[in-house]
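Undergrad:
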Amino acid sequence: MRIENLTRLVDGELQNNPKISMVSGFCLEVDDVKNGFAFIALNATRDDAILAIQNGAYALITDLNLEIYDDEIAIIKVDNLASSVLRLARFIATQKELKFFHLNVAQNAIFSCLSLPKKISLISSNLNEILTKIINAAHNDIFLSKDEILLNRIFEKTAIKDSQNFSLIHSHSIFYTSIMFLDTYYENLNFPSIFASDLAKVMQFFYDYNLNFNIKDFREFNHFRAIFVDRFLNIKPFGASYRAFICENNEELFITEAKFLKSKFENTFICTPINHRLRDMADFCFESLNDLKMMSDFKYALVFSDFHELESSLNETKTERTLFDF
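In the numbering used here, the protein residues as written are 1 to 326.
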């Protein structure tokens with residue numbers, strides 16, 4: 001890309017009269033600089049910029065006052081480097097005809113549990129990571145993110161579509177899913193059935209793009225995640241008790257899950273921190289997770305909490321309770 005076009009693209013101002021006229025690529029890490037590249041100094045220091053020049057950079061894009069006087073390279077000053085990165089990302093995405101899809105929270109968690117083909121990338125909200133992945137992407141690659149605002153700033157996005165190609169088979173537990181998708185039967189997946197339609201949408205997505213996927217397990221699926229306990233609230237193996245705490249730390253999903261449980265089961269408790277904005281829907285409010293150890297006589301308790309934090313709390317030594325407490 002010619003220097004004058006690059007300067008206009010990132011909405012910058014050329015600080016010198018460089019002898020070079022073009023760059024051959026882009027990078028955001030000093031170690032990735034190749035001869036002829038433009039180094040984008042996002043979260044970089046002056047020392048990083050100097051090292052990038054030594055490594056062969058033909059241009060620096062920065063919002064810093066570097067006071068580097070070198071007419072061998074182009075120094076492009078911008079007012080807002082994050083905005084410039086997004087402009088560059090949008091340009092490269094258009095050139096490569098990349099596809100962007102918005103995922104809801106559950107779908108994003110499902111994709112995170114799968115072994116994805118090289119053509120597909122899950123992206124976070126980290127600008128450095130996003131631009132690096134876009135720079136390294138092949139033509140027509142696919143990007144997925146739950147950050148809808150970010151996607152709107154980069155490129156036209158769409159949601160993954162509904163599927164009419166699945167049947168949910170009755171399961172003995174809400175923590176397992178049996179599903180028929182097209183001609184394939186997936187039996188007793190360790191996956192909460194409340195999200196079966198989202199799982200079907202993910203399957204449909206792979207089918208539409210003629211991509212293979214491999215479902216191994218969903219042990220790291222971090223929503224509606226159960227901790228089974230006995231009557232003394234000692235943790236038991238998965239499924240080994242009729243009583244369970246269910247952890248959720250996403251507000252939107254928590255509300256959906258609470259309605260689901262209340263409609264399906266008696267003796268269900270909704271538990272939130274005492275100062276949480278969802279406390280009005282709670283049956284039990286707690287100041288600390290240790291307060292949950294005082295609960296008794298419940299089937300399911302949906303807790304607004306991180307799974308590992310609640311698991312750790314339950315594993316701590318509990319105050320002795322007699323049989324008369326139950």
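All C-beta atoms, glycine included, are put in the ideal place defined by N, C-alpha and C. Computed from a prediction, not measured in an experiment: that's the story for all the values here.
List the residues that DSSP assigns as beta-bridge partners of Ala159.
TA: Taking the sequence shown and counting its residues from 1, the one referred to as residue 159 is at position 159. In the DSSP output, where bridge partners are listed per residue, Ala159 has His102.
Undergrad: Rounded to the nearest angstrom, what separates Phe221 and Ser263 at their Cα positions?
TA: Against the sequence shown, residue 221 aligns to sequence position 221. Against the sequence shown, residue 263 aligns to sequence position 263. Whole-angstrom Cα-Cα distance: 23 Å.
Undergrad: Under 8 Å, with one C-beta from each stretch per pair, do the region 128-143 and the region 98-117 reach the 3-pair mark?
TA: As far as the Cβ criterion goes, the region 128-143 touches the region 98-117, which means the pair count is three or higher.
Undergrad: Does the Cβ-Cβ distance between Tyr69 and Ile20 come in under 7 Å?
TA: Within the sequence shown, numbered from 1, the residue matching residue 69 stands at position 69. Within the sequence shown, numbered from 1, the residue matching residue 20 stands at position 20. No, they are not a contact pair.
Undergrad: Determine whether the beta carbon atoms of Ser181 and Met203 lie at a separation below 7 Å.
TA: Translated into the one-based positions of the sequence shown, residue 181 becomes position 181. Translated into the one-based positions of the sequence shown, residue 203 becomes position 203. As written in the sequence, residue 181 is Phe, which differs from the Ser given in the question. Contact flag set, yes.
Undergrad: Assuming contact is defined by CB atoms lying nearer than 7 Å, are Ile235 and Leu314 in contact in what I supplied?
TA: Taking the sequence shown and counting its residues from 1, one reaches residue 235 at position 235. Taking the sequence shown and counting its residues from 1, one reaches residue 314 at position 314. Yes.
Undergrad: Per DSSP, which residues does Ile50 bridge with? Please list them.
TA: Numbered from 1 along the sequence shown, position 50 holds the residue referred to as residue 50. For Ile50, which the question treats as bridged, DSSP gives no partner whatsoever.
Undergrad: Ile120 lies in the alpha helix (DSSP H); which residues open and close that run?
TA: In the sequence shown, counting from the first residue as 1, residue 120 sits at position 120. Note, Ile120: premise wrong, no alpha helix (DSSP H); beta strand (DSSP E) at Ile120 to Leu122.
Undergrad: Could you work out which residue in Thr268, Met281, Asp71 and Arg277 is closest to Tyr300 when comparing CA atoms only?
TA: Position 300 of the sequence shown, counted from the start, is the residue given in the question as residue 300. The candidate whose alpha carbon is nearest that of Tyr300 is Thr268.
Undergrad: Does DSSP put Thr319 in a helix, in a strand, or in coil?
TA: By 1-based counting over the sequence shown, the position of residue 319 is 319. Any answer about Thr319 is weak, because its pLDDT of 48 lies below 50 and its placement is not dependable; what the coordinates show is given next. Three-state result, Thr319: coil.
Undergrad: What does a CB cutoff of less than 6 Å around Leu122 pick up in its chain, not counting 5 residues either side in sequence?
TA: For the purposes of this step, residue 122 is identified with residue 122 of the sequence shown, where counting begins at 1. Closer than 6 Å at the Cβ level, and outside the excluded window around Leu122, lie Phe111 and Leu144.
Undergrad: Let's see if you can read the secondary structure: which residues bound the beta strand (DSSP E) around Met180?
TA: The sequence position of residue 180 within the sequence shown is 180, counting from 1. Run containing Met180: Thr177 to Phe181, per the beta strand (DSSP E) assignment.
Undergrad: Can you name, in chain order, every residue of its own chain whose Cβ lies under 6 Å from the Cβ of Phe326, other than the five neighbours on each side?
TA: Your numbering for residue 326 matches position 326 in the sequence shown. With a pLDDT of 43 at Phe326, under the threshold of 50, the modelled position of this residue cannot be trusted; read the value that follows with caution. So the qualifying residues of the chain are Arg231 and Ser296.
Undergrad: According to DSSP, is Phe304 part of a helix, a strand, or is it coil?
TA: As a working note, residue 304 is residue 304 in the sequence shown. It is a strand residue.
Undergrad: What separation, rounded to the nearest whole angstrom, lies between the Cα atoms of Ala226 and Asp48?
TA: Numbered from its first residue, the sequence shown carries residue 226 at position 226. Numbered from its first residue, the sequence shown carries residue 48 at position 48. If you take the alpha carbons of Ala226 and Asp48, they lie about 47 Å apart.
Undergrad: In chain order, which continuous runs of the alpha helix (DSSP H) of length 4 or greater are located wholly inside the region 248-295?
TA: Listed in chain order, the complete alpha helix (DSSP H) runs (minimum 4 residues) inside the region 248-295 are 251-264.
Undergrad: Which residue comes first and which comes last in the beta strand (DSSP E) that contains Ser167?
TA: For the purposes of this step, residue 167 is taken as residue 167 along the sequence shown, with counting starting at 1. Element bounds for Ser167: Phe166 to Ile169.
Undergrad: What are the boundary residues of the alpha helix (DSSP H) that Asn5 is part of?
TA: Here the question's residue 5 lines up with position 5 in the sequence shown. Here the alpha helix (DSSP H) through Asn5 covers Ile3 to Leu9.
Undergrad: If you check the beta carbons only, do Leu150 and Phe213 fall under 7 Å apart?
TA: Counting from 1 along the sequence shown, the entry for residue 150 is found at position 150. Counting from 1 along the sequence shown, the entry for residue 213 is found at position 213. Their beta carbons are not under 7 Å apart, which means Leu150 does not touch Phe213 by this criterion.
Undergrad: Hey, out of Ile174, Lys201 and Asp198, whose CA is closest to Asn188's CA?
TA: Within the sequence shown, numbered from 1, the residue matching residue 188 stands at position 188. Nearest option by C-alpha distance: Ile174.
Undergrad: By Cβ distance, which residues of its chain are closer than 8 Å to Ser171, with the 5 residues on each side in sequence left out?
TA: Working through the sequence shown from its first residue, we reach residue 171 at position 171. These residues qualify, in order along the chain: Thr177, Ser178, Asn188 and Ser193.
Undergrad: Compute the Euclidean distance between the alpha carbons of Gln54 and His139, then round it to the nearest angstrom.
TA: Counting from one through the sequence shown, the residue named residue 54 turns up at place 54. Counting from one through the sequence shown, the residue named residue 139 turns up at place 139. Using only the alpha carbons, I get a separation of about 31 Å.
Undergrad: If you draw a straight line from the C-alpha of Phe91 to the C-alpha of Asp71, how long is it?
TA: For the purposes of this step, residue 91 is identified with residue 91 of the sequence shown, where counting begins at 1. For the purposes of this step, residue 71 is identified with residue 71 of the sequence shown, where counting begins at 1. Rounded to whole angstroms, Phe91 to Asp71 spans 27 Å at the Cα level.
Undergrad: For the ligand MN, is there any heavy atom lying closer than 6 Å to the beta carbon of Ala137?
TA: You won't find the ligand MN in this model; it holds no ligand whatsoever.
Undergrad: For Ile20, which three-state DSSP category applies?
TA: In the sequence shown, counting from the first residue as 1, residue 20 sits at position 20. The answer is coil: DSSP assigns Ile20 none of H, G, I, E or B.
Undergrad: Starting from Glu129, trace the alpha helix (DSSP H) both ways and give me its first and last residue.
TA: In the sequence shown, the residue the question calls residue 129 occupies position 129. Looking at the DSSP string, the run of the alpha helix (DSSP H) that includes Glu129 is Leu127 to Asn136.
Undergrad: Is the shortest distance between the beta-carbon of Lys119 and the beta-carbons of chain C less than 7 Å?
TA: As a matter of chain content, chain C is missing from the structure shown, which is built from one protein chain.
Undergrad: Give the secondary structure of Ile73 by DSSP, where H, G and I count as helix, E and B as strand, and everything else as coil.
TA: The residue you call residue 73 lines up with position 73 of the sequence shown. Looking at Ile73 - three-state DSSP - the assignment turns out to be coil, as it is neither helix nor strand.
Undergrad: Run through the DSSP bridge pairs and tell me what Thr184 is partnered with.
TA: As a first step, residue 184 must be located in the sequence shown, where it is residue number 184. Beta-bridge pairing links Thr184 to Phe181.
Undergrad: Let's see if you can read the secondary structure: which residues bound the beta strand (DSSP E) around Ala38?
TA: Numbered from its first residue, the sequence shown carries residue 38 at position 38. Phe37 to Ile40 is the span of the beta strand (DSSP E), which, as asked, contains Ala38.
Undergrad: Just verifying my parser: in three-state terms, what is the DSSP assignment at Thr62?
TA: On the sequence shown, residue 62 is found 62 positions in, with the first residue counted as 1. Three-state result, Thr62: strand.
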